[in-house]
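Trainee: Can you read through this structure? Questions will come right after.
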Amino acid sequence: MVDHVTTTPHPVGWSSEGSGPALVLLHGLGGDRNFWAAEMSSLAQRFRVIAPDLRGSGGTPSGPDGHRIADLADDVAAILDDIAVETAHVVGFSMGGLVAQAFAVRHPGRLRRLVLASTYAVMNPQSRMFLDAVRDVVVSTGSMRAVYPLVCPWLFSLEFQADPANAAWFETPADDGESPSGWLAQYAAQREFDGTPDLAGISAPTLVLHGAADALVAGSDALALVEGIPGAGLRAFAGAGHLINLELPGEFLGEVGDFLTTRR
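Positions 1 to 264 (full-length UniProt numbering) are the ones given, in order, by the sequence shown.
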């Protein structure tokens, strides 16, 4: 894996691995490029995998005035410009799925195939209420560590949480990880996003991946994407929570790899 920084128009840290058709992996709220570490190693056998830190995460600052989801989509285009890559596949997880939708709308000629995982076109009321409460804790404590015990159970299925082999996921980390200000900027952009009016204009072949036990993204959210994007397909993972790639890594990678390499 090689680390890079694209400086124009906004400094963005990113990593790359492998060779072949370009594939951009976009992480979710509060994550960073390392969210995709396991997937990068596997997918790099067939693709030139590019994983950026979206604004507010890792090596990418948010900026003093925050940002919009559209800005993050343009950052992806800037990375492709920087390495002289004309087109790429894009996989977006959760908040990264919003960025992927915006990229599809703002840069349609640069998108080959689109995978939208554990995401939606507009945030549903339940998720908005929960994440607003998380935001308030972040503001009052100035700590991401403080919200970990609140957020973590929402990310996994009950079955995954009940398995003693997964206990390490439910131990509060020793440090804050991502910056509270970065998280707040990301959430503000995510909260205001509504891609519903633009779905019909997405022309790239699209696959929607949904965990049937996802507590943050409802089945109706996934169906709205499938019904709104012309020709989009849906793969539902029985029993999986929000973090499909962690609960069912083999199935997740299989679906992504098969879809990106099919000729249909």
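We treat Cβ as the ideally placed atom computed from N, Cα and C, and that holds for glycine.
1) Closest to E171 by C-alpha separation, out of S179, Q186, Y148, would be which residue?
2) Can you list, in chain order, the residues of its chain whose CB lies under 6 Å from that of A102, leaving out five sequence neighbours each side?
3) Counting along the chain, where does the beta strand (DSSP E) carrying D3 start and finish?
4) Is T206 helix, strand or coil by DSSP?
5) Let me know if M129 comes out buried or exposed under the rule of 16 or more other beta-carbons within 10 Å of its beta-carbon.
6) How many angstroms separate the CA atom of A167 from the CA atom of P153?
7) Excluding the 5 residues preceding and the 5 following L26 in the sequence, name in chain order all residues of the same chain whose CB lies nearer than 6 Å to its CB.
8) If you follow the alpha helix (DSSP H) that P149 is part of, which residue opens it and which one closes it?
9) Taking 8 Å as the cut-off, decide whether the C-beta atoms of W169 and V138 are in contact.
10) Around the C-beta of D163, are 16 or more other C-beta atoms found within 10 angstroms, so that it is buried, or is it exposed?
11) Applying the criterion that 16 or more other CB atoms from any shown protein chain within 10 Å of the CB defines a buried residue, is A22 buried or exposed?
12) Along the beta strand (DSSP E) that carries P52, what are the first and last residues, could you check?
13) May I ask you to report which of helix, strand or coil DSSP gives V85?
14) Assuming contact is defined by CB atoms lying nearer than 8 Å, are L114 and T206 in contact in what I supplied?
15) From the DSSP output, read off the bridge partner residues of D194.
Mentor: Looking at the coordinates:
1) Y148
2) I69, A70, A73
3) 2 to 6
4) strand
5) exposed
6) 12 Å
7) G92, G96, V99, A100
8) 148 to 155
9) no
10) exposed
11) buried
12) 48 to 52
13) coil
14) yes
15) V122
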